[in-house]
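Everything on this sheet refers to the single structure shown next.
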Amino acid sequence: MSMYQVKPVSPDIKIDLPTCMYKLPNIHTRQENSCSSDHVLQNGDMDPAVRALEARQDEIMRKLYELKAAVEGLAKTVTTPDADLDVTVSSSLSSQSSSCDIFKATKNLDALLGKDLGALRDIVINANPAQPPLTLLVLHSLLCQHYRVLSTVHVHSSVSSVPPQLLSCLGPKHADSYARHMFQLGFTLIWKDVPKLEMKFSIRNMCPIEGEANVARFLFKLLAPYPSDAAVATLVDTWVDIAFYQLADGSAKEQAAVLRALGSALGHAPWLCGPEFSLADIACYCCLSQNGSTSATAANIQRWIKSCENLGHFGPAKLLLK
1 MSMYQVKPVS PDIKIDLPTC MYKLPNIHTR QENSCSSDHV LQNGDMDPAV
51 RALEARQDEI MRKLYELKAA VEGLAKTVTT PDADLDVTVS SSLSSQSSSC
101 DIFKATKNLD ALLGKDLGAL RDIVINANPA QPPLTLLVLH SLLCQHYRVL
151 STVHVHSSVS SVPPQLLSCL GPKHADSYAR HMFQLGFTLI WKDVPKLEMK
201 FSIRNMCPIE GEANVARFLF KLLAPYPSDA AVATLVDTWV DIAFYQLADG
251 SAKEQAAVLR ALGSALGHAP WLCGPEFSLA DIACYCCLSQ NGSTSATAAN
301 IQRWIKSCEN LGHFGPAKLL LK
């Protein structure tokens with residue numbers, strides 16, 4: 001038996017422990033007052049070490065903000081059905097300058113595409129390197145003149161090799177390519193083994209657009225509206241279809257008929273659809289150049305070819321033809 005008997009504590013007795021045995025100093029108050037006591041020199045200037053620390057903290061916060069914007073933009077791209085980007089090759093330009101500005105007014109993307117809460121609108125295009133889309137390079141050059149475009153070239157694993165000129169077809173890398181929030185449009189070109197060119201834009205609201213002619217129509221509408229005159233708008237669409245289905249892929253007989261029609265149209269106006277440059281001129285010039293029949297054409301067609309080239313927007317397409 002124990003020498004001491006422990007008496008149980010009655011359940012009616014309450015033991016009150018002190019809620020705070022020690023009083024802690026107010027760290028925030030001390031930190032706020034530190035500038036006025038510890039870090040302010042006798043002449044009233046701030047301690048250089050503290051000033052350098054604050055500058056470093058501001059720089060870190062700036063980089064964190066840019067990193068956050070980049071991660072959000074990357075997440076938006078990765079969650080699309082085009083997330084099969086295997087090898088990143090180059091990231092390119094945001095703007096190009098040209099001596100000739102065809103489309104004077106910059107379009108309101110919110111009015112054209114609907115509001116997207118200020119997010120970067122990504123245009124993702126899959127193209128086969130065996131058939132480079134020359135019209136898209138011309139339209140990309142025009143888009144860069146009117147919008148802040150973040151352009152990127154990728155190579156998919158289905159393609160074994162890509163010529164260097166295709167890797168740099170959208171221009172040099174832009175210094176601010178890491179900061180997606182600084183741009184309005186994202187233009188991503190993926191060289192991939194696909195039977196037909198396809199574009200994915202707003203994956204939640206839009207089905208993929210297939211065919212270079214249809215993608216070119218979509219991109220051109222970001223630059224300028226189609227003619228309000230229904231007859232002229234139909235004429236533009238007709239020339240676009242003729243360019244891709246007869247001038248580019250048609251038989252020798254069909255191509256000869258198109259050249260005669262081109263000569264006739266350009267005998268009455270400086271451009272294919274009248275006094276104004278249009279998508280019809282872009283499509284026909286690119287398809288005519290791609291099939292190599294620019295030299296054996298009539299004089300008015302040669303004049304029209306020089307007029308197109310003088311605009312300066314066909315430079316990227318001409319580089320791929322060399």
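All residue numbers for the sequence shown refer to the UniProt record's numbering, where the first residue is 1 and numbers rise by one. Glycine is no exception: its CB is placed at the ideal position from the N, C-alpha and C atoms. In this text the structure is predicted, and so the values were computed from the model without any measurement.
- Using a 10 angstroms sphere on the CB of glutamate 212, the tally of other CB atoms reaches 16 or more, which defines it as buried.
- The DSSP-derived three-state label of arginine 121 is strand.
- Taking C-beta atoms as the reference points, leucine 143 and valine 149 count as a pair closer than 7 Å.
- Per DSSP, valine 240 lies in no beta strand (DSSP E); the unbroken alpha helix (DSSP H) holding it starts and ends at 230 to 242.
- With 16 or more other Cβ atoms inside 10 Å of its own Cβ, leucine 247 counts as buried.
- Where histidine 154 is concerned, the enclosing beta strand (DSSP E) starts and stops at 149 to 155.
- The count of Cβ pairs closer than 8 Å, one atom from the region 309 to 319 and one from the region 248 to 268, stays below three, leaving the stretches out of contact.
- Nearest C-alpha to leucine 320 among Asp58, Lys63, Ala243 and Leu136: Leu136.
- When DSSP assignments are scanned along the UniProt domain "Glutathione S-transferase C-terminal" (248 to 310), the uninterrupted stretches of alpha helix (DSSP H) that are 4 or more residues long and fall wholly within it turn out to be 252 to 266, 279 to 290 and 299 to 310.
- Per DSSP, the beta bridge partners of phenylalanine 187 are Ile123 and Ser151.
- In the structure shown, the three-state DSSP call for lysine 63 is helix.
- In this structure, the beta-carbon distance from asparagine 126 to valine 194 falls below 7 Å.
- Nearest C-alpha to cysteine 308 among Ala233, Ile282, Gly292 and Lys221: Ile282.
- The residue among Leu222, His154 and Ser158 with its C-alpha nearest the C-alpha of tyrosine 147 is Leu222.
- Counting of Cβ neighbours within 10 angstroms places arginine 217 among the buried residues, the total reaching 16 or more.
- Within the region 194 to 224, complete beta strand (DSSP E) segments of at least 3 residues are found at 198 to 200, given in chain order.
- The Cβ atoms of leucine 53 and leucine 139 do not sit closer than 7 Å to each other.
- Separation of the CB atoms of tryptophan 239 and alanine 269 is rounded to 12 Å, and the pair is thereby denied contact status at 8 Å.
- Take the alpha-carbon of alanine 49 and the one of leucine 64: they are about 23 Å apart.
- The residue among Pro163, Gly186 and Asp249 with its C-alpha nearest the C-alpha of histidine 174 is Gly186.
- Nearest neighbour of alanine 298 by Cα position, chosen from Val258, Ser278, Glu276 and Gly274, turns out to be Val258.
- By the neighbour-count criterion, in which 16 or more other beta carbons inside 10 Å mark a residue as buried, alanine 230 falls on the exposed side.
- Cβ-Cβ distances below 7 Å link proline 133 to Ala127, Leu197 and Glu212 in the same chain, with the five nearest sequence neighbours on each side left out; the list follows chain order.
- With 16 or more neighbouring CB atoms inside 10 Å of its own CB, lysine 192 falls in the buried class.
- Within the model, the alpha-carbon separation for valine 124 versus serine 177 is close to 16 Å.
- The continuous alpha helix (DSSP H) containing glutamine 145 extends over residues 134 to 146.
- About 12 Å separates the beta carbons of cysteine 284 and leucine 235, which is beyond the 8 Å limit, so they are not a contact pair.
- When secondary structure is reduced to three states using DSSP, lysine 173 falls in the coil class, being assigned neither helix nor strand.
- C-alpha of tyrosine 245 to C-alpha of serine 251: approximately 10 Å in a straight line.
- For the set Ser151, Ser160, Ser157 and Gln184, the Cα lying nearest the Cα of cysteine 169 is the one of Ser151.
- The Cβ atoms of leucine 189 and valine 153 sit closer than 7 Å to each other.
- Excluding the 5 residues flanking it on each side, phenylalanine 201 has same chain C-beta neighbours closer than 7 Å at Ile123, in chain order.
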